[in-house]
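Undergrad:
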Amino acid sequence: MEKTHQAHHEHYDPEASKIGMWLFIFTELLLFGAMFIIYSVYRYLNPEAFHLAGEELNTLIGAINTVILLVSSMTIAMSTSAIRKGNIWLTQQLLAITLVLALVFLVNKYFEWGSKFSHGIFPGSEYMLANYSQGEILFFGLYFVMTGLHAVHILVGMGLIIWTMIEVRQKKIHQEKYDLLENSGLYWHLVDIIWIFLFPLFYLIH
Amino acid sequence: MQESQSAIQASYLRTPGRFKGFLGWVTSTDHKRIGLLYLYSIATMFFVGMLLGLAMKLELVAPGKTLMEARDYNATFTVHGVIMIFMVVIPGLPAVFGNFLLPLMIGARDVAFPRINLLSWYFYVAGVVLILIALLFGPGTPDTGWTFYAPYSFKTGTNMLPAIFGAFILGFSSILTGLNFIVTIHRMRAPGMGWMKLPMFAWTLYGTAWIQLLATPVVGITLVLVALERLFGIGVFDPALGGDPILYQHLFWIYSHPAVYIMILPAMGAVSEIIPTFAQKQLFGYKALILSTMAIAFVGYLVWGHHMFTAGMSGTAQYAFSLLTFLVAIPSAIKVFNWISTMYKGSINMQTPFYWAASFIFVFMIGGFSGLVLGSLATNIHVHDTGFVVAHFHYIVFGGVGYSFMAAIHYWFPKIYGRMYDSHWANIGWILFFVGFVSLYTPMFWLGMKGMPRRYYDYLPEFHGANILSTFGSWILAMGFIVIVFNLIRAARSGPPVGPNPWNGKTMEWMVPSPPPVENFEEIPVVGENDGPYNYE
Amino acid sequence: MSDEKQHIVPYSTFVVVLVALLALTFASIGITSIELGGLTVAAALIFAIAKTYLVLAYFMHIKYDKPYIGIMVGLIFLLFLAVVIITFLDYFYRV
Amino acid sequence: MYNTEITQASNFVKGVDTAFLVIMGISFVFLLGLTAVMLYFIYRYNRKRHPKPIQIEGSTRLEIVWTVIPLVLVMVMFYYGWAGWKPMGKPPKDAMEVTVIGRMWNFIFEYENGRKTDTLYLPKDQAVKLNLVALDVIHSVYIPAFRVKQDMVPGKDNTFMWFIPQREGTFELYCTEYCGLNHSYMFNYVKVMESEAFNTWYSDTTAVAASAEIESATAAGRRIMQSIGCFACHSLDGSKLVGPTFKGLYGSERTVTSGGSKKVVTADDEYIRKAIFEPDAELVEGFGRGLMLSYRGQLSEDDILLIIEYLKTVQ
Ligand code: HEA
Ligand code: HEA
Ligand code: CUA
Ligand SMILES: [Cu+2]
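Residue numbers (this note's numbering), protein chains in the order written: chain A, 34 to 239; chain B, 116 to 652; chain C, 71 to 165; chain D, 3 to 317.
1. Quick one: using the 10 Å Cβ neighbour count with 16 as the cut-off for buried, is D:Val74 buried or exposed?
2. Can you tell me whether D:Arg169 is helix, strand or coil according to DSSP?
3. At a Cβ cut of 9 Å, what residues of the stretch 49–74 of chain A count as close to chain B, listed as they run along the chain?
4. So, with DSSP's three-state summary, where would you put A:Lys205?
5. Of all Cβ atoms in chain B, is any one closer than 9 Å to the Cβ of A:Leu182?
6. Looking at the secondary structure, which residues open and close the alpha helix (DSSP H) in which C:Leu124 lies?
7. Report whether the distance from the Cβ of D:Glu179 to the nearest heavy atom of ligand 3 is below 8 Å.
8. If you draw a straight line from the C-alpha of D:Ser296 to the C-alpha of D:Lys249, how long is it?
9. From the beta carbon of A:Tyr176, is the nearest beta carbon of chain C less than 9 Å away?
10. Let's see if you can read the secondary structure: which residues bound the alpha helix (DSSP H) around B:Arg608?
11. For B:Gly486 and B:Gly168, I'd like the C-alpha separation in whole angstroms.
12. Can you check whether the C-beta of A:Gly190 is within less than 9 Å of a C-beta belonging to chain C?
13. Rounded to the nearest angstrom, what separates A:Ser148 and A:Asn141 at their Cα positions?
14. Hey, does B:Ile149 have any beta-carbon neighbour from chain A nearer than 9 Å?
15. Could you round the C-beta distance between A:Trp196 and A:Leu102 to whole angstroms and report it? I think they count as a contact, below 8 Å.
16. Provide the residue span of the alpha helix (DSSP H) that contains B:Ser235, from first to last.
17. From B:Leu328 to A:Pro47, what distance separates their C-alpha atoms?
18. Report yes or no: is there a C-beta of chain C within less than 9 Å of the C-beta of A:Leu6?
19. Measuring CA to CA, which of A:Leu139, A:Gly153, A:Leu171 and A:Leu219 is closest to A:Ile94?
20. Using the three-state DSSP reduction, which class does D:Arg256 fall into: helix, strand or coil?
21. What are the boundary residues of the beta strand (DSSP E) that includes D:Arg117?
22. For B:Ala607 and B:Ser156, what's the separation of their Cα atoms in angstroms?
23. So is B:Met275 buried or exposed if we call it buried at 16+ other beta carbons inside 10 Å?
24. Using a beta-carbon distance below 9 Å, is A:Val201 in contact with chain C?
25. So B:Leu406 contacts chain C; which residues on that side make the cut at Cβ distance below 9 Å?
26. State the DSSP-derived secondary structure class of D:Gln152, mapped to helix, strand or coil.
27. Using CA atoms only, rank isn't needed, just tell me which of B:Ile524, B:Leu182 and B:Trp318 is closest to B:Leu404.
28. Using a 10 Å radius around the Cβ and a threshold of 16 neighbouring Cβ atoms, would you call B:Leu380 buried or exposed?
29. Are the beta-carbon atoms belonging to D:Ile103 and B:Tyr264 less than 9 Å from one another?
30. Identify, in the order they occur along the chain, each residue of the same chain with its Cβ nearer than 8 Å to the Cβ of C:Ala113, setting aside the five sequence neighbours on each side.
31. Assign B:His195 to buried or exposed, taking buried as 16 or more other Cβ atoms, counted over all protein chains shown, within 10 Å of its Cβ.
32. For a contact meaning CB atoms closer than 9 Å, what does D:Asp138 contact in chain B?
33. Among D:Trp84, D:Gly182, D:Lys314 and D:Leu23, whose alpha-carbon lies nearest the alpha-carbon of B:Ala185?
34. Excluding the 5 residues preceding and the 5 following D:Arg275 in the sequence, name in chain order all residues of the same chain whose CB lies nearer than 6 Å to its CB.
35. Could you give the DSSP three-state label for D:Gly104: helix, strand or coil?
36. Using the beta-carbon count (16 or more within 10 Å), is B:Gln433 buried or exposed?
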């Protein structure tokens, strides 16, 4: 075994942190994957009820939210290009837009859930037990759990974006070192991908 | 001698970081210290779990009540199972030996994300604490069995929420460890160390890490759903609301079957390191062993349904799961054959770690063969949920992972502490342990075939004889265990110092001083063309 | 990565991808609103998969990264598919 | 391997035991063979006898051999397992049907003529199909002597198992799916009789009715509760089991949750009737919903009166 001298300094390896992020994304995919399995099993067992319940969701809000997430996904992707071109100002703007869009998404979600709650549709509600079939209760149970979990991910993603913006501001993220920005982007795209599946499953297929 | 004493002084054991003493340990991001933190915390939990096992055996020594009420018995096997599975054998080898050895084996200074590594230990502790809270406070110790089957798990009046949440956090810890290892293996190998030069133990850690990453989230979300079911009644697994309890079982086993391979793969890896060293030979069929590791990891993901043959699945699914189960036995068979072939024409040095490794092969075979009985449809129907299953998994989990853990601790002990234990006492401990083990679990096979169900607090008089034998075995086992533990503790404090390589090992970790310095390698080694995984000098 | 200069994706590419994604979204809304029976689910999923591909390949850079990340992603989707199929061996054939 | 008394107790024993023999036979050969080889190597290539190791990298041919041979053998095992299991899913049309109701923690067997028992009486050589119904959590019916086992899942109404008892005698029947506190006491017996004896038993419904009349009301109440399993959850001595104790219950003040709000009620006749027929309507403080299930349809109004008479005496 030969030996060579190498400097002792902390080794900076952006690819390592990128793989780390990807691996984390894989676990997230499987987390939602399990939910999708549950969803498809119950859809298969209760086709009519899922059909009926799906019609009660507002496709328009769903579609608006889809557009919002897609646009925000683009802006954050662009911010990576911007930082690599050295354009700090544009990076910050793009990140800010992403953050605002995320907020708008949540506000929409809030009103959507709120209107359901006011109609007595929420997990464990007596109203549902009395007026809905078992399949419909399942549909809404899954709807709340899955979109709720997705909303939690939006919140985490927003936290990451804020952190990134702070680091950009402190010049810890710059043209040569931008792995945190890249990773926040990856995470945000994951949130987008999950929504890409949630949207048709809950709002479109009747 | 003088030299080894100073190695101990200069090692990670003594060099403090920012803090001294206890604080220096719990804030250290050094992979070796984290490995030892895991060792001590896992050993503690192991000890608690074993005491509970002992208590169960004492209860079962005679029909009727001997020691505790049915309620306590149910809580005992639940806690025993949860501790052993989630806190001992799943983190077990990867967290202790993986952390300690992986960077040493691949020529790195640390894992890829040292701080995340420490964080995952904190998650482990937090999970343990939460589960202990569930045990000691609130409306009663959880009594669902470690499988948390719905709908019982959200009907029981006991303290399920903290237990579920604790298991969830333990899962997080496991995911972070896996993530760390994969990145470490991808990015931190010393220059020149190609994939085909990784030691087997590193390969098995890699396979295990992938399963940890891809299976754990499934049980995570499932447990969350059970918690939500208890809190809000969302109906996902509640038959009264249209849910399907069998779906819960699918999701649970989608994780928990791969989890058994999370446990066994690193155990196999450790044995694959020990046998070459004591036979003074390179590993026979290195490539076949790598392939079989990956095959177990992959196929192991698809056989979960063999735990559900009587649950009410469709016949087609039963057929498919049985077939796949038999396929997953093949890579294990390949491993056994290669280990034994490694001994062929070797120069075998009979030392304590080798005793453990050889007895590992023996008990692993018994556990594996009983797994085949369980994997076959007709026979599973008869022995499912009986003592036979209990015997199977103790043979293969305790026999497999436990023996491998013992082998590993005796093998790497000089590397970890720079000191040697008394091998005379170590061997006495081994023989007691082995005899106790066999007489503890073998009667359970018989009991299962005669039809004694598992999780039974009480039994009919016809099962009495075998239960006495089994209880008796647990005492011998306990004696062996005490001998082993005292021997090791004494050695860690005051055993004679040894040089860097007492066993004449040929893998990279033996090339550094024992115990290793904080930095591991003064210079990052460069692996040459002709250096293989098993021929560093 | 820092030494191997990587391709910087131009902004215009992202805009084009976004337009494609939006088009697919509206197409999927359109196609699911007409009565196709059982095919609706399949159609919606195909559009979702196409969109996912675009996001993965362009937004998430897989197209420009070293191939092994793409391979991992592919294998994971396959594994997930296998799990789904095997689960449905139960539900499909229940009596 | 088994007690010879119970072999051939049902039509499935042969298939299952053949699978056992095949799998365990192959396994023993391998276990003994491989252990012997390993011990021989340890002896022969010990450092004392063989100081210099000879390095061997591996052998592709051997790897193939020891992949293919076990593969063939496990397929053989799979075949026998499959062959012994396959008939279990196909009950004959003329099978006698018995409904098995499982609840925490007893079984009730309901025959086609309405007869209910806690022990399963069966005629010899007649195919029997047990329809399995679980009311609360998952239970499982296991008759070791017959080599049959099937979980009963609440909410799933088409599970069954079938077999032909082929030997007279008494065999154990266990619940093998963990179902809570008294899981280990959820067992009973199968009594297989000659068909004439069975028919006599089957058509005789007088025995139960007669004994009820000579007893006092309290004794009858107690007997009903015993046989339907109330005491699994309720104690008579003041200790708390799964449910509240019966001691001092009658006439006392109870704090209950009903429709989301708490209130205090007196445990009178109506309260107890409701507690048995709609247990979740008025939940006793400190106890969970859904544990006790309604006994509507299982207990008649007369039974309730007897139970109340008995509860009055438990003070
Ligand atoms: C370390 C953990 C571990 C490992 C490695 C295994 C390995 C295997 N297990 Fe086990 N198993 C458990 C842990 C493990 N198991 C646990 C914890 C449970 C119970 C869970 C619970 O319900 O609480 C369980 C339960 C369990 C069941 C369900 C039982 C039931 O509840 O009805 C089944 C059924 O198929 C099974 C099968 C197998 C098989 C076929 C293997 C195979 O991988 C074994 C392969 C090994 C060999 C075959 C031996 C070596 C080979 C040779 C020496 C060569 C010759 C070989 C041939 C000729 C084939 N196991
Ligand atoms: C790694 C896993 C592991 C290990 C090591 C063990 C170890 C033991 N287990 Fe356990 N067991 C499980 C995993 C494990 N078990 C699981 C997963 C279950 C299923 C749970 C469920 O059904 O949900 C189970 C279930 C289980 C049951 C079945 C319960 C039932 O179904 O009714 C029984 C019954 O006897 C049992 C017994 C034992 C015994 C006697 C030991 C023995 O090894 C213990 C021997 C004890 C010692 C060696 C202790 C020595 C120490 C001392 C005596 C103190 C000395 C003091 C000082 C040193 C100061 N276990
Ligand atoms: Cu009923 Cu166990
Ligand atoms: Cu398994």
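Backbone N, C-alpha and C define an ideal beta-carbon position, used for all residues, glycine too.
TA: Checking against the coordinates, here is how it stands:
1. exposed
2. coil
3. Ala49, Ser50, Ile52, Gly53, Leu56, Phe57, Phe59, Thr60, Glu61, Leu62, Leu63, Leu64, Phe65, Gly66, Ala67, Met68, Ile70, Ile71 and Val74
4. coil
5. yes
6. Leu109 to Leu124
7. yes
8. 21 Å
9. no
10. His579 to Ser609
11. 22 Å
12. no
13. 11 Å
14. no
15. Between A:Leu102 and A:Trp196 the Cβ distance is about 20 Å, and since that is not below 8 Å, they are no contact.
16. Pro229 to Leu251
17. 21 Å
18. Given that chain A is displayed from residue 34 to residue 239, the structure contains no residue 6 of chain A and the question cannot be resolved.
19. A:Leu139
20. strand
21. Taken as a continuous stretch (DSSP letters only), D:Arg117 belongs to no beta strand (DSSP E), as it is neither H nor E.
22. 16 Å
23. buried
24. no
25. What B:Leu406 touches in chain C: nothing, since even the nearest Cβ is about 16 Å away.
26. strand
27. B:Trp318
28. buried
29. no
30. Ser98, Ile101, Thr102 and Leu106
31. buried
32. Pro266, Tyr267 and Lys270
33. D:Gly182
34. Ile306
35. strand
36. buried
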